Amino acid sequence: MMPAIFSVDVEDWFHILDVGAPALEDWGRLPSRVEANFRRLLDLLAEAGVEVTCFFLGWVAERFPALVREAAARGHEVASHGYGHRLVYDQSPDEFYEDARRARLLLEDLSGRPVQGYRGAGFSVTQDTPWFFEKLVQAGYVYDSTVFPAARGHGGLRQDRYGPYQVRTPVGPLVEFPITVTAVGGRPMCFFGGGYLRLFPYVLVRRLTRRVLNEGRPVVFYAHPREIDPDHPRLPMNLKRRFKSYVGLRTMEGKIRRLLRDFPITSFASFLADFGASIKD
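Count along the sequence shown from 1, then add 2; that gives the number in my numbering.
Below, the structure written as C-alpha coordinates:
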(Lines of atoms letter the chains of each structure in order from A; the text may use other names.)
(Lines give C-alpha, C1' and ligand atoms only; values in the text may rest on other atoms or scores of the structure.)
Protein backbone atom coordinates (compact mmCIF):
# COMPACT_ATOMS: atom_id res chain seq x y z
CA MET A 3 0.00 0.00 0.00
CA MET A 4 1.11 3.55 -0.72
CA PRO A 5 2.30 5.05 2.61
CA ALA A 6 0.80 8.11 4.25
CA ILE A 7 2.99 11.02 5.29
CA PHE A 8 2.53 12.35 8.81
CA SER A 9 3.70 15.84 9.72
CA VAL A 10 3.71 18.06 12.80
CA ASP A 11 3.70 21.86 12.55
CA VAL A 12 5.70 22.69 15.67
CA GLU A 13 4.20 25.94 16.94
CA ASP A 14 2.53 27.15 20.14
CA TRP A 15 -1.09 27.69 21.15
CA PHE A 16 -0.97 31.41 20.30
CA HIS A 17 0.24 30.90 16.72
CA ILE A 18 -3.24 31.09 15.21
CA LEU A 19 -3.55 33.31 12.17
CA ASP A 20 -5.93 36.18 11.37
CA VAL A 21 -7.49 36.53 14.81
CA GLY A 22 -5.57 39.48 16.19
CA ALA A 23 -3.07 37.11 17.80
CA PRO A 24 -0.13 38.55 19.77
CA ALA A 25 2.71 40.08 17.75
CA LEU A 26 6.06 38.29 17.53
CA GLU A 27 7.68 40.69 19.98
CA ASP A 28 5.10 39.65 22.60
CA TRP A 29 5.35 35.87 22.17
CA GLY A 30 8.12 35.48 24.74
CA ARG A 31 5.91 36.94 27.47
CA LEU A 32 3.14 34.36 27.01
CA PRO A 33 2.97 31.04 28.86
CA SER A 34 4.28 28.41 26.47
CA ARG A 35 2.81 24.92 26.12
CA VAL A 36 4.75 23.73 23.08
CA GLU A 37 7.57 22.02 24.96
CA ALA A 38 5.37 19.64 26.95
CA ASN A 39 2.89 19.08 24.11
CA PHE A 40 5.53 18.32 21.50
CA ARG A 41 7.32 15.87 23.77
CA ARG A 42 4.01 14.15 24.38
CA LEU A 43 3.57 13.84 20.62
CA LEU A 44 7.08 12.43 20.29
CA ASP A 45 6.24 9.78 22.88
CA LEU A 46 3.03 8.94 21.03
CA LEU A 47 4.99 8.53 17.78
CA ALA A 48 7.58 6.38 19.55
CA GLU A 49 4.84 4.10 20.88
CA ALA A 50 3.68 3.58 17.29
CA GLY A 51 7.25 3.07 16.05
CA VAL A 52 7.01 5.69 13.30
CA GLU A 53 9.26 8.50 12.09
CA VAL A 54 7.59 11.62 10.73
CA THR A 55 8.35 15.16 9.55
CA CYS A 56 8.48 17.99 12.09
CA PHE A 57 8.03 21.44 10.54
CA PHE A 58 9.57 23.69 13.20
CA LEU A 59 8.70 27.33 13.45
CA GLY A 60 12.07 29.06 13.66
CA TRP A 61 11.02 31.14 16.66
CA VAL A 62 10.10 27.97 18.57
CA ALA A 63 13.35 26.28 17.57
CA GLU A 64 15.38 29.27 18.75
CA ARG A 65 13.53 29.40 22.08
CA PHE A 66 13.48 25.63 22.66
CA PRO A 67 16.53 24.24 20.79
CA ALA A 68 16.41 21.00 22.75
CA LEU A 69 13.15 20.11 21.00
CA VAL A 70 14.85 20.21 17.59
CA ARG A 71 17.73 18.09 18.81
CA GLU A 72 15.39 15.59 20.47
CA ALA A 73 13.26 15.22 17.34
CA ALA A 74 16.36 14.58 15.25
CA ALA A 75 17.77 12.15 17.84
CA ARG A 76 14.52 10.17 17.74
CA GLY A 77 14.86 9.77 13.98
CA HIS A 78 12.31 12.32 12.82
CA GLU A 79 12.88 14.63 9.88
CA VAL A 80 13.47 18.27 10.87
CA ALA A 81 11.90 20.66 8.36
CA SER A 82 11.03 24.37 8.30
CA HIS A 83 7.80 26.24 9.04
CA GLY A 84 9.51 29.58 8.44
CA TYR A 85 10.72 31.79 11.26
CA GLY A 86 8.01 34.31 12.15
CA HIS A 87 4.75 32.54 11.15
CA ARG A 88 3.76 35.21 8.64
CA LEU A 89 1.34 34.53 5.81
CA VAL A 90 3.16 34.17 2.50
CA TYR A 91 1.01 36.78 0.76
CA ASP A 92 1.65 39.33 3.52
CA GLN A 93 5.38 39.34 2.70
CA SER A 94 7.37 40.74 -0.17
CA PRO A 95 9.44 38.23 -2.14
CA ASP A 96 12.60 39.41 -0.41
CA GLU A 97 11.02 39.29 3.06
CA PHE A 98 9.79 35.78 2.41
CA TYR A 99 13.21 34.65 1.16
CA GLU A 100 14.98 36.04 4.22
CA ASP A 101 12.49 34.47 6.63
CA ALA A 102 12.67 31.05 4.93
CA ARG A 103 16.46 31.11 4.69
CA ARG A 104 16.87 32.23 8.31
CA ALA A 105 14.73 29.33 9.52
CA ARG A 106 16.58 26.75 7.42
CA LEU A 107 20.02 27.84 8.61
CA LEU A 108 18.89 27.89 12.24
CA LEU A 109 17.37 24.40 12.04
CA GLU A 110 20.41 22.96 10.27
CA ASP A 111 22.66 24.41 12.95
CA LEU A 112 20.53 22.91 15.74
CA SER A 113 19.90 19.49 14.17
CA GLY A 114 23.25 19.02 12.47
CA ARG A 115 21.43 17.83 9.36
CA PRO A 116 20.37 19.34 6.01
CA VAL A 117 16.84 20.76 6.05
CA GLN A 118 15.05 19.90 2.80
CA GLY A 119 11.42 20.80 3.42
CA TYR A 120 9.26 23.87 3.98
CA ARG A 121 5.66 24.53 4.92
CA GLY A 122 4.26 28.07 4.89
CA ALA A 123 2.03 29.47 7.61
CA GLY A 124 -1.65 28.86 6.91
CA PHE A 125 -0.95 27.16 3.55
CA SER A 126 -0.96 30.73 2.25
CA VAL A 127 0.57 30.40 -1.21
CA THR A 128 -1.94 31.81 -3.71
CA GLN A 129 -2.19 33.05 -7.29
CA ASP A 130 -0.89 36.37 -5.94
CA THR A 131 2.47 34.86 -4.91
CA PRO A 132 3.88 33.56 -8.23
CA TRP A 133 7.43 34.03 -6.89
CA PHE A 134 6.90 31.55 -4.02
CA PHE A 135 8.55 28.44 -5.50
CA GLU A 136 11.51 30.30 -6.98
CA LYS A 137 12.26 31.98 -3.65
CA LEU A 138 12.11 28.64 -1.85
CA VAL A 139 14.67 27.14 -4.23
CA GLN A 140 16.88 30.19 -3.73
CA ALA A 141 16.51 29.75 0.05
CA GLY A 142 17.89 26.21 -0.26
CA TYR A 143 14.82 23.96 -0.10
CA VAL A 144 14.22 20.72 -1.99
CA TYR A 145 10.48 20.29 -1.39
CA ASP A 146 7.45 22.18 -0.13
CA SER A 147 4.08 21.26 1.38
CA THR A 148 2.20 24.56 1.39
CA VAL A 149 -0.19 24.32 -1.57
CA PHE A 150 -3.79 23.82 -0.45
CA PRO A 151 -5.59 22.84 -3.69
CA ALA A 152 -9.07 23.95 -2.62
CA ALA A 153 -10.86 27.01 -1.26
CA ARG A 154 -9.55 28.19 2.10
CA GLY A 155 -9.97 31.19 4.39
CA HIS A 156 -6.43 32.51 4.14
CA GLY A 157 -5.00 30.88 1.06
CA GLY A 158 -5.84 28.14 -1.32
CA LEU A 159 -4.36 27.57 -4.76
CA ARG A 160 -7.04 25.88 -6.82
CA GLN A 161 -5.52 23.37 -9.22
CA ASP A 162 -6.10 19.88 -10.57
CA ARG A 163 -2.82 18.34 -9.35
CA TYR A 164 -3.53 16.57 -6.06
CA GLY A 165 -0.50 14.28 -5.80
CA PRO A 166 3.19 15.22 -5.50
CA TYR A 167 4.65 16.95 -8.55
CA GLN A 168 7.76 18.80 -9.67
CA VAL A 169 7.78 22.56 -10.08
CA ARG A 170 10.28 23.98 -12.54
CA THR A 171 11.63 27.43 -11.65
CA PRO A 172 14.29 29.62 -13.31
CA VAL A 173 16.70 28.69 -10.50
CA GLY A 174 15.98 24.97 -10.28
CA PRO A 175 13.31 22.37 -9.48
CA LEU A 176 11.23 21.91 -6.35
CA VAL A 177 8.93 19.02 -5.38
CA GLU A 178 5.48 20.11 -4.19
CA PHE A 179 3.42 17.93 -1.87
CA PRO A 180 -0.05 19.52 -1.85
CA ILE A 181 -2.17 19.15 1.24
CA THR A 182 -4.38 16.15 0.54
CA VAL A 183 -7.90 16.69 -0.73
CA THR A 184 -10.42 14.31 -2.19
CA ALA A 185 -13.62 14.97 -4.11
CA VAL A 186 -16.90 14.85 -2.21
CA GLY A 187 -20.01 15.96 -4.04
CA GLY A 188 -17.84 17.23 -6.88
CA ARG A 189 -15.80 19.50 -4.57
CA PRO A 190 -12.20 18.97 -3.38
CA MET A 191 -12.25 18.73 0.41
CA CYS A 192 -9.67 18.10 3.12
CA PHE A 193 -10.25 15.63 5.95
CA PHE A 194 -6.69 14.89 6.97
CA GLY A 195 -5.28 17.51 9.31
CA GLY A 196 -5.89 20.31 11.76
CA GLY A 197 -9.49 21.37 12.22
CA TYR A 198 -10.64 19.07 9.42
CA LEU A 199 -9.28 16.00 11.18
CA ARG A 200 -10.69 17.19 14.50
CA LEU A 201 -14.14 17.82 13.04
CA PHE A 202 -14.86 14.74 10.94
CA PRO A 203 -15.57 11.30 12.47
CA TYR A 204 -12.69 8.88 12.32
CA VAL A 205 -14.63 6.27 10.34
CA LEU A 206 -14.99 8.80 7.51
CA VAL A 207 -11.34 9.89 7.70
CA ARG A 208 -10.22 6.26 7.52
CA ARG A 209 -12.45 5.47 4.54
CA LEU A 210 -11.28 8.53 2.58
CA THR A 211 -7.64 7.85 3.47
CA ARG A 212 -7.97 4.40 1.94
CA ARG A 213 -9.58 5.92 -1.15
CA VAL A 214 -6.67 8.32 -1.68
CA LEU A 215 -3.98 5.70 -1.06
CA ASN A 216 -5.71 3.34 -3.49
CA GLU A 217 -5.52 6.10 -6.11
CA GLY A 218 -1.72 5.85 -5.83
CA ARG A 219 -1.02 9.11 -4.03
CA PRO A 220 0.09 9.62 -0.42
CA VAL A 221 -2.18 11.20 2.15
CA VAL A 222 -0.50 14.13 3.90
CA PHE A 223 -1.63 14.21 7.53
CA TYR A 224 -0.79 17.22 9.68
CA ALA A 225 -1.25 18.15 13.33
CA HIS A 226 -0.13 20.80 15.82
CA PRO A 227 1.12 20.19 19.38
CA ARG A 228 -1.69 22.30 20.87
CA GLU A 229 -4.27 19.95 19.33
CA ILE A 230 -3.53 17.19 21.85
CA ASP A 231 -3.82 19.71 24.71
CA PRO A 232 -7.54 20.53 25.02
CA ASP A 233 -6.95 22.66 28.13
CA HIS A 234 -4.53 25.10 26.52
CA PRO A 235 -5.34 28.84 26.77
CA ARG A 236 -7.74 30.37 24.26
CA LEU A 237 -7.34 33.48 22.13
CA PRO A 238 -10.27 35.89 21.82
CA MET A 239 -12.08 35.44 18.49
CA ASN A 240 -15.54 35.36 16.98
CA LEU A 241 -17.76 32.27 17.31
CA LYS A 242 -17.13 30.98 13.78
CA ARG A 243 -13.38 31.16 14.12
CA ARG A 244 -13.51 29.79 17.67
CA PHE A 245 -15.32 26.73 16.35
CA LYS A 246 -12.73 26.19 13.61
CA SER A 247 -9.81 26.66 16.00
CA TYR A 248 -11.02 24.60 18.93
CA VAL A 249 -13.55 22.03 17.70
CA GLY A 250 -12.75 18.42 18.56
CA LEU A 251 -9.63 19.00 20.63
CA ARG A 252 -10.52 16.15 22.96
CA THR A 253 -10.74 13.72 20.04
CA MET A 254 -7.45 14.53 18.34
CA GLU A 255 -5.01 12.38 20.28
CA GLY A 256 -7.21 9.30 19.84
CA LYS A 257 -7.54 9.94 16.11
CA ILE A 258 -3.79 10.30 15.72
CA ARG A 259 -3.21 7.03 17.56
CA ARG A 260 -5.66 5.24 15.28
CA LEU A 261 -4.11 6.70 12.10
CA LEU A 262 -0.66 5.59 13.18
CA ARG A 263 -2.05 2.11 13.86
CA ASP A 264 -4.20 1.75 10.73
CA PHE A 265 -1.86 3.03 7.99
CA PRO A 266 1.81 2.77 6.97
CA ILE A 267 3.38 6.09 8.00
CA THR A 268 6.49 7.81 6.71
CA SER A 269 8.14 11.24 6.49
CA PHE A 270 8.48 13.49 3.45
CA ALA A 271 12.22 12.81 3.26
CA SER A 272 11.71 9.04 3.33
CA PHE A 273 8.94 9.27 0.75
CA LEU A 274 11.28 11.22 -1.56
CA ALA A 275 14.01 8.63 -1.06
CA ASP A 276 11.64 5.76 -1.88
CA PHE A 277 9.36 7.30 -4.52
CA GLY A 278 11.09 10.50 -5.66
CA ALA A 279 12.06 9.10 -9.05
CA SER A 280 8.40 8.64 -9.93
CA ILE A 281 7.40 12.27 -9.22
CA LYS A 282 6.91 14.10 -12.53
CA ASP A 283 6.18 17.67 -13.61
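Glycine included, each C-beta is placed from N, C-alpha and C at the ideal position. Here the structure is a predicted model, which is why all the values come from computation and not from measurement.
Let me know the secondary structure DSSP gives residue i once reduced to three states.
{"i": "residue 261", "result": "helix"}
{"i": "residue 129", "result": "coil"}
{"i": "residue 20", "result": "coil"}
{"i": "residue 89", "result": "strand"}
{"i": "residue 6", "result": "strand"}
{"i": "residue 143", "result": "coil"}
{"i": "residue 111", "result": "helix"}
{"i": "residue 278", "result": "helix"}
{"i": "residue 36", "result": "helix"}
{"i": "residue 256", "result": "helix"}
{"i": "residue 96", "result": "helix"}
{"i": "residue 11", "result": "strand"}
Spatial neighbours of residue i within its chain, please: C-beta separation below 7 Å, excluding the five flanking residues on both sides.
{"i": "residue 88", "result": "101 and 123"}
{"i": "residue 253", "result": "200"}
{"i": "residue 34", "result": "14"}
{"i": "residue 104", "result": "60 and 85"}
{"i": "residue 157", "result": "124, 125, 126, 127, 128 and 150"}
{"i": "residue 73", "result": "44, 56 and 80"}
{"i": "residue 174", "result": "139"}
Let's see if you can read the secondary structure: which residues bound the alpha helix (DSSP H) around residue i?
{"i": "residue 190", "result": "First-last for residue 190: 189 to 191, but that is the beta strand (DSSP E), not the alpha helix (DSSP H)."}
{"i": "residue 29", "result": "26 to 29"}
{"i": "residue 121", "result": "That residue, residue 121, is in no alpha helix (DSSP H); it is neither H nor E in DSSP."}
{"i": "residue 241", "result": "241 to 248"}
Does the distance from the C-beta atom of residue i to that of residue j stay below 8 Å?
{"i": "residue 8", "j": "residue 230", "result": "no"}
{"i": "residue 76", "j": "residue 32", "result": "no"}
{"i": "residue 70", "j": "residue 80", "result": "yes"}
{"i": "residue 54", "j": "residue 269", "result": "yes"}
{"i": "residue 207", "j": "residue 181", "result": "no"}
{"i": "residue 256", "j": "residue 224", "result": "no"}
{"i": "residue 40", "j": "residue 227", "result": "yes"}
{"i": "residue 64", "j": "residue 108", "result": "yes"}
{"i": "residue 189", "j": "residue 4", "result": "no"}
{"i": "residue 183", "j": "residue 164", "result": "yes"}
{"i": "residue 62", "j": "residue 12", "result": "yes"}
{"i": "residue 281", "j": "residue 46", "result": "no"}
{"i": "residue 25", "j": "residue 16", "result": "no"}
{"i": "residue 215", "j": "residue 6", "result": "yes"}
{"i": "residue 232", "j": "residue 251", "result": "yes"}
{"i": "residue 262", "j": "residue 50", "result": "yes"}
{"i": "residue 99", "j": "residue 152", "result": "no"}
Below 6 Å CB to CB, which residues in the same chain sit around residue i once its five sequence neighbours on both sides are set aside?
{"i": "residue 148", "result": "121, 122, 125 and 127"}
{"i": "residue 198", "result": "192"}
{"i": "residue 171", "result": "135, 136 and 139"}
{"i": "residue 283", "result": "168"}
{"i": "residue 178", "result": "146, 149, 167 and 169"}
{"i": "residue 247", "result": "18"}
{"i": "residue 202", "result": "193"}
Within the continuous beta strand (DSSP E) that includes residue i, where are the two ends?
{"i": "residue 66", "result": "Taken as a continuous stretch (DSSP letters only), residue 66 belongs to no beta strand (DSSP E), as it is neither H nor E."}
{"i": "residue 82", "result": "79 to 82"}
Counting only the same chain and skipping the five closest in sequence on each side, list residues whose C-beta sits under 8 Å from that of residue i.
{"i": "residue 143", "result": "82, 102, 106, 117, 118, 119, 120 and 176"}
For chain B, check one thing: does any of its Cβ atoms lie closer than 8 Å to the Cβ of residue i?
{"i": "residue 162", "result": "In the displayed structure, chain B is absent; only one protein chain is listed."}
Next item on the list: Identify every run of the beta strand (DSSP E) within the region 146 to 229, keeping only runs that are complete inside it and at least 3 residues long; order them along the chain.
Entry: 167 to 171, 174 to 178, 184 to 186, 189 to 191 and 222 to 225
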